[in-house]
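A short write-up of the structure that comes next.
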Amino acid sequence: MADVEPECTADPCVDSTIDINVGFIGSGKMAQALAFGFLSAGLVKRPQISFSAPSNRNLGSLREQGFKCVNDNKRIIATADVVFVAVKPRFVADVLSQFEESDSNNLIVSVAAGIDIEKIENNLPKGRRVIRCSPNTPVQYEAGVTVFARGSRATEADVKMFKSLMDGVGVCEEVPEALINSATGMVGSGTAFVLLMMQSLADGGLKMGIPRHLANSFAAQTFLGASKMAMESGKHPAILQEEVASPGGTTIHGLHELEKSGLRGIVMNAVEAAVARANRLG
C-alpha cells in the first residue's frame, strides 16, 4: 500500500513510544496503513513491528523498508504482544487455529470484516483475550476512525493499551459489537465514497476550465475545510449548509441540482449496501 513512509509528525523532544511488539498476520492495505500510522505518530519504532504472510508479494517491499517479515504466522504469535489479525474473512478460522500450539499471552485484535467476537473466541484456545475493531485507512495519516468492542476476556489494561495505539492515529471509540458492521459500512467503506465525491467535485471544476492539478488540490482542500468546519464548530451539517448558501446565490442552485439527483439517498443506499455485505461476510 505505502511504498513511501509518511513523515513522522511526533514531537522529537517527547518519547511517546509504547513498549510493545506489534505483529500483523496479513500484509495488505489495512495492515500497512496501521503500521505506517503507528510509525508516523511515534507510537512504536520500526524494530517493534513485524509482518507475516504466506507469500512475499507485499513482504518484499516491507523488508526493503526495514520491517521484520516472515512467512510463518506462528513466529508472529510467539513474539508479538499485540497480534493484529488482518486477513480476509475466509482465512480467519485457519489463522486462529494456529494459536493452539502457543502459550504466548498476547492480545489478539481482529480487523476482519464481519467476523464477530463469539466466532473468534470459539476458534481460539480458552482464555485468549480478544478485541474486534474496524479501522479505516486514513489511520496511516493519523486521521482515521476506529470503532471496537472488547471480547469476554479482554481486560481494562488491554483496552487501555489498544486505545493508546488507536487514539494516536485518529479517533477511537468503543461501541456495542452490533454497531461494528454499521461502522464498517459508514466509516471504512465511507472513505472510498468520500473520495469518489471528491473526484466528482474536481471533475466539475475541470469541466468548468480549472486545470486538473488545481482542480484536484482545490477539491481536497474543500473537503478538508468542510470537515474542519463541522468538527470544530460542532454544528449540524445542515446548519453549515445554510450558512454557505445565500438567497438566490450560486450555492443554492447547485444544492438544488444535487437534491434533484437524489444524492443524499444514493449515499445512504451505498452505506446500507456496504453494511449488508459486512453482515454476509460473518
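Take the sequence shown: its position 68, counted from the start at 1, is 156 in this note's numbering, and no numbers get skipped. Even for Gly, the Cβ is constructed at its ideal location relative to N, Cα and C.
Looking at Val199, Ile108 and Gly293, the one whose alpha-carbon comes closest to that of threonine 167 is Ile108.
Nearest to valine 110 by C-alpha distance, out of Glu152, Met118 and Leu195, is Leu195.
Unbroken beta strand (DSSP E) runs of no fewer than 3 residues, entirely contained in the segment 257–316, are found at 258–262, following chain order. The beta strand (DSSP E) runs of length 3 or more contained entirely in the segment 162–212 are, from start to end of the chain, 170–173 and 195–198. Taking 4 residues as the shortest admissible run, the segment 117–144 contains the following complete alpha helix (DSSP H) segments, listed from N- to C-terminal end: 117–128. For serine 270, the CB contacts under 7 Å within the same chain, skipping 5 residues up- and downstream, are Val363 in chain order. Shown here, lysine 214 sits in coil according to DSSP, grouped into three states, outside any helix or strand. Counting only residues of its own chain and dropping the five nearest sequence neighbours on each side, serine 192 has a CB closer than 7 Å to the CB of Ile165 and Ala166. Valine 235 and valine 263 have their alpha carbons spaced roughly 6 Å apart. Methionine 296 sits exposed, since fewer than 16 C-beta atoms from the chains shown fall within 10 Å of its C-beta. Going by DSSP, threonine 243 is part of no beta strand (DSSP E) at all; its letter is neither H nor E. The C-alpha of alanine 333 is placed about 16 Å away from the C-alpha of alanine 318. Per DSSP, reduced to three states, the secondary structure at isoleucine 113 is strand. Taking C-beta atoms under 8 Å as the contact rule, valine 173 and valine 180 qualify, at a distance of about 6 Å. Here DSSP, grouped into helix, strand and coil, assigns isoleucine 106 to coil. Sequence-distant Cβ neighbours of serine 198 in its own chain, meaning closer than 6 Å and more than five residues away, are Val173, Ile208 and Arg220. For the 8 Å CB-CB criterion, valine 233 and valine 282 do not form a contact.
In this structure, the beta-carbon distance from glycine 116 to asparagine 161 does not fall below 8 Å. Leucine 212 is positioned such that its CB atom lies no closer than 8 Å to that of phenylalanine 250. Taking a C-beta distance under 8 Å as the contact criterion, phenylalanine 124 and valine 132 do not qualify as a contact pair. For lysine 323, no beta strand (DSSP E) run applies, since DSSP gives it neither H nor E.
In the DSSP assignment, threonine 234 falls within the unbroken beta strand (DSSP E) covering 232–238. Nearest in C-alpha terms to asparagine 304, of all of Ser315, Leu289 and Lys316, is Leu289. Counting C-beta atoms within 10 angstroms of its own C-beta, arginine 216 has 16 or more neighbours from the protein chains shown and is therefore classed as buried. DSSP places valine 158 inside the beta strand (DSSP E), whose first and last residues are 156–158.
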